[in-house]
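Line by line, the protein sequences give chains A and B. Count along the first sequence from 1, add 439, and you get the number used in this note's numbering. Count along the second sequence from 1, add 241, and you get the number used in this note's numbering. Just so you know, even glycine gets a beta-carbon here, dropped at the ideal spot from N, CA and C. Predicted model only: the values in this text are computed from it and were never measured.
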Amino acid sequence: MFTTSLTISDLLFMLQGAWVTLQLTAAAMLLGTLSGVLCGLLRAGLPRASLPLAWLLDLFRSVPLLIQFVLFNSLKSIAGLDISAFAVGCLVLGIYAAAFCSEIVRSGIQAVPANLRRAARSLGMSYWQDLRHVVLPLATRVSFPGWLNLVLSVMKDTALVMWIGIFELLRTSQSVVTRIQEPLLVLCIAGLIYYLMSLLVAQLGNRLEKRWQEND
Amino acid sequence: MFDYSFHWRVALKALPDMLNGAWVTLETAALSMLLGTMIALLLTLLRQQQNPLLRHFAETWVSIARNTPSLFQIYILYFGLGAFGLHVSSWLALLAGITFNNAGYLAENFRGGLKAVPDTQMRAARSLGMNALHAYRLVIIPQLLRIVFHPLSNQMVWAVLMTSLGVIVGLNDDLTGVTQDYNVKTFRTFEYFAIAALLYYLIAKTIVLGARLMAWRLFRY
Chain A
440 MFTTSLTISD LLFMLQGAWV TLQLTAAAML LGTLSGVLCG LLRAGLPRAS LPLAWLLDLF
500 RSVPLLIQFV LFNSLKSIAG LDISAFAVGC LVLGIYAAAF CSEIVRSGIQ AVPANLRRAA
560 RSLGMSYWQD LRHVVLPLAT RVSFPGWLNL VLSVMKDTAL VMWIGIFELL RTSQSVVTRI
620 QEPLLVLCIA GLIYYLMSLL VAQLGNRLEK RWQEND
Chain B
242 MFDYSFHWRV ALKALPDMLN GAWVTLETAA LSMLLGTMIA LLLTLLRQQQ NPLLRHFAET
302 WVSIARNTPS LFQIYILYFG LGAFGLHVSS WLALLAGITF NNAGYLAENF RGGLKAVPDT
362 QMRAARSLGM NALHAYRLVI IPQLLRIVFH PLSNQMVWAV LMTSLGVIVG LNDDLTGVTQ
422 DYNVKTFRTF EYFAIAALLY YLIAKTIVLG ARLMAWRLFR Y
């Protein structure tokens with residue numbers, strides 16, 4: 440009853456898929472955080488003028504990620520761009536992450552009391568000094584838990600890139616299932632790997648958060 | 242570089258079918274939200290129990306639902322249950338997967354909401370002679386739902402977006418499934434999926450607007 444045809448090389452194959460998942464997450468979060476912080480600063484600084492930006496980002500939050508992948512992939516072919524499916528996956532996930540990140544950053548910046556900023560300005564700081572030395576350090580602490588949640592949700596959403604043909608963790612486990620025909624076992628292992636990766640990221644984040652609080 | 246001719250007219254002919262698909266999507270999402278909310282309430286209550294078995298069951302549910310991809314959850318229901326001789330249809334697998342996911346996320350929201358309902362409410366209800374069930378049904382849960390109304394409407398949007406995953410396990414009558422059907426027949430990928438994206442956007446906005454109207458109607462004192 441407890442025999443299985445799962446081999447070590449299957450497991451290694453799945454771990455390779457997990458590595459692709461992590462790479463995708465890291466690349467998407469890098470792209471998403473950089474552009475998200477930029478958009479969030481714009482949204483907080485010029486709420487009226489950046490309203491079109493808000494509508495655009497809202498579009499990415501209200502359309503299923505799967506459809507965004509398919510759309511971008513076909514747009515790539517239409518425009519004749521010669522980039523890999525992996526790059527398309529990173530780009531779409533990055534924009535998706537940026538859409539959420541901008542909201543997190545905006546609410547973080549708005550959580551800094553206006554009086555504090557006035558105090559900083561009246562001490563003779565310039566606008567940028569105020570932003571760099573007062574607003575951003577405080578806003579980072581407020582928005583970090585939200586950002587961590589975003590990392591976790593992006594990691595889970597990377598599962599959807601299988602639809603455009605990237606072999607990440609879920610796709611690799613599916614092809615292992617196709618070979619050995621034991622879906623429950625293989626999928627449970629895949630789920631365990633996802634669970635452990637989420638746990639690891641959450642732990643690292645919590646430790647970082649605690650260290651910041653000690654310094655305050 | 243740009244030698245692709247768009248054929249919107251052909252794609253627009255599929256609009257009635259896609260609208261039917263959108264209705265299936267909406268129905269599935271609404272059903273999963275209804276079931277998910279009920280299960281989430283149950284999980285919230287179970288998490289407060291003294292009995293460690295019940296509490297751990299609820300904790301496990303929530304942590305699995307929150308820490309694995311929803312696509313994985315649908316996969317394990319669709320492919321994994323075959324090991325027990327249970328062969329579920331793709332629609333059922335999708336519905337069960339989303340419900341499982343919704344219940345996990347909502348249970349976490351409800352836990353936060355329950356903390357915001359003062360303990361004294363429960364004590365006051367009990368001292369008026371209500372039993373625990375009555376107190377929960379008539380006093381605690383109405384206040385809880387008011388607090389979590391906004392996360393609830395957010396989750397409804399999420400549920401609609403998650404139904405698009407059904408196509409990966411072979412569902413072909415929801416919005417994405419219909420779109421994919423037309424796509425493989427004609428290879429007009431961009432046109433069909435652009436229309437689908439627009440429809441999803443409209444559905445999401447309608448839900449947000451509807452929730453806002455409902456909140457305005459329901460929650461005025």
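Of all the CB atoms in chain B, is at least one closer than 7 Å to the CB of residue i?
{"i": "A:Pro491", "result": "no"}
{"i": "A:Tyr633", "result": "yes"}
{"i": "A:Gly471", "result": "no"}
{"i": "A:Leu445", "result": "no"}
{"i": "A:Ala550", "result": "no"}
{"i": "A:Leu530", "result": "no"}
{"i": "A:Gly630", "result": "yes"}
{"i": "A:Leu609", "result": "yes"}
{"i": "A:Lys595", "result": "yes"}
{"i": "A:Leu626", "result": "yes"}
{"i": "A:Ser439", "result": "Lying before the first or after the last residue shown, residue 439 of chain A is absent from chain A, which here runs from 440 to 655."}
Using a Cβ-Cβ distance cut-off of 7 Å, determine whether residue i contacts chain A.
{"i": "B:Tyr346", "result": "no"}
{"i": "B:Asn342", "result": "no"}
{"i": "B:Asn308", "result": "yes"}
{"i": "B:Tyr377", "result": "no"}
{"i": "B:Leu467", "result": "Nothing about residue 467 of chain B can be reported from this structure: the residues present for chain B run from 242 to 462 only."}
{"i": "B:Leu253", "result": "no"}
{"i": "B:Leu402", "result": "yes"}
{"i": "B:Leu256", "result": "no"}
{"i": "B:Leu459", "result": "no"}
{"i": "B:Ser405", "result": "yes"}
As a quick exercise: from the options, pick the residue whose alpha carbon is nearest that of residue i.
{"i": "B:Gly338", "options": "B:Tyr442, B:Val401, B:Ala376", "result": "B:Val401"}
{"i": "B:Val380", "options": "B:Gly418, B:Pro392, B:Arg364", "result": "B:Arg364"}
{"i": "B:Ala435", "options": "B:Leu312, B:Leu369, B:Thr447, B:Thr420", "result": "B:Thr420"}
{"i": "B:Leu282", "options": "B:Phe351, B:Met403, B:Ala357, B:Ser394", "result": "B:Phe351"}
{"i": "A:Leu635", "options": "A:Ile447, A:Thr443, A:Thr460", "result": "A:Thr460"}
{"i": "A:Cys540", "options": "A:Arg482, A:Leu577, A:Pro486", "result": "A:Arg482"}
{"i": "A:Met594", "options": "A:Trp602, A:Glu607, A:Ser582", "result": "A:Glu607"}
{"i": "A:Ser448", "options": "A:Val615, A:Ala641, A:Glu653", "result": "A:Val615"}
{"i": "A:Gln507", "options": "A:Ser489, A:Asn588, A:Val527", "result": "A:Val527"}
{"i": "B:Lys426", "options": "B:Ala252, B:Asp244, B:Tyr245", "result": "B:Ala252"}
{"i": "B:Trp302", "options": "B:Val398, B:Thr285, B:Gly370, B:Trp249", "result": "B:Thr285"}
{"i": "B:Ala334", "options": "B:Arg429, B:Ala445, B:Leu412", "result": "B:Leu412"}
{"i": "A:Ala580", "options": "A:Val551, A:Leu599, A:Leu477, A:Asp596", "result": "Residue identity check: residue 580 of chain A is Arg in the sequence provided, not Ala. Out of A:Val551, A:Leu599, A:Leu477, A:Asp596, A:Val551 has the C-alpha closest to the C-alpha of A:Arg580."}
Using a Cβ-based criterion (distance less than 6 Å to any ligand heavy atom), does residue i qualify as near the ligand MN?
{"i": "A:Val615", "result": "No copy of the ligand MN appears in this structure; indeed no ligand is present at all."}
Could you name the residues of chain D that residue i contacts, counting a contact when the two beta carbons are closer than 7 Å?
{"i": "A:Ala598", "result": "Structure shown: chain D not included; protein chains present are A and B."}
Contacting positions in the region 443-457 of chain B - beta carbon closer than 7 Å to chain A
Ala445, Lys446
According to a CB-to-CB cut-off of less than 7 Å, which residues of the region 492-526 of chain A neighbour chain B?
Leu498, Ser501, Val502, Pro503, Leu505, Ile506, Val509, Leu510, Ser513, Leu514, Ile517, Ala518, Gly519
For the region 407-440 of chain B, which residues have a CB atom closer than 7 Å to at least one CB atom of chain A, in sequence order?
Ile409, Thr417, Thr430, Phe431, Phe434, Ala435, Ala437, Ala438
Considering only residues of the region 559-596 of chain A, which uninterrupted alpha helix (DSSP H) runs meet the minimum length of 4 residues and lie entirely inside it, listed in chain order?
566-569, 575-596
Where in the region 605-652 of chain A do unbroken runs of the alpha helix (DSSP H), each at least 4 residues long, occur, reported from the N-terminal end onward?
608-619
Against chain B, which members of the region 570-587 of chain A pass a CB distance test of less than 8 Å?
none
Mind listing which residues of the region 314-343 of chain B have their C-beta closer than 7 Å to chain A's C-betas, in chain order?
Tyr316, Ile317, Phe320, Gly321, Gly323, Ala324
Which runs of the beta strand (DSSP E) fall wholly inside the region 282-351 of chain B and span at least 3 residues, in chain order?
none
In chain order, what residues of the region 375-400 of chain B put their CB closer than 9 Å to some CB of chain A?
Cβ contacts with chain A: Val398.
Curious, which full-length alpha helix (DSSP H) runs of at least 4 residues does the region 358-416 of chain B contain?
Complete alpha helix (DSSP H) runs here, min 4: 360-368, 373-376, 382-388, 390-403.
In chain order, what residues of the region 449-475 of chain A put their CB closer than 7 Å to some CB of chain B?
Cβ contacts with chain B come from no residue of the region 449-475 of chain A.
Can you give me, in chain order, the residues of the region 261-289 of chain B that have a beta carbon less than 8 Å from any beta carbon in chain A?
none
Scan the region 612-624 of chain A for residues whose Cβ lies nearer than 9 Å to a Cβ of chain B and list them as they occur along the chain.
Cβ contacts with chain B come from Ser612, Gln613, Val616, Glu621, Pro622, Leu623, Leu624.
Within 8 Å of chain A by C-beta, residues of the region 348-360 of chain B in sequence order:
So the list is empty, because no residue satisfies the distance condition.
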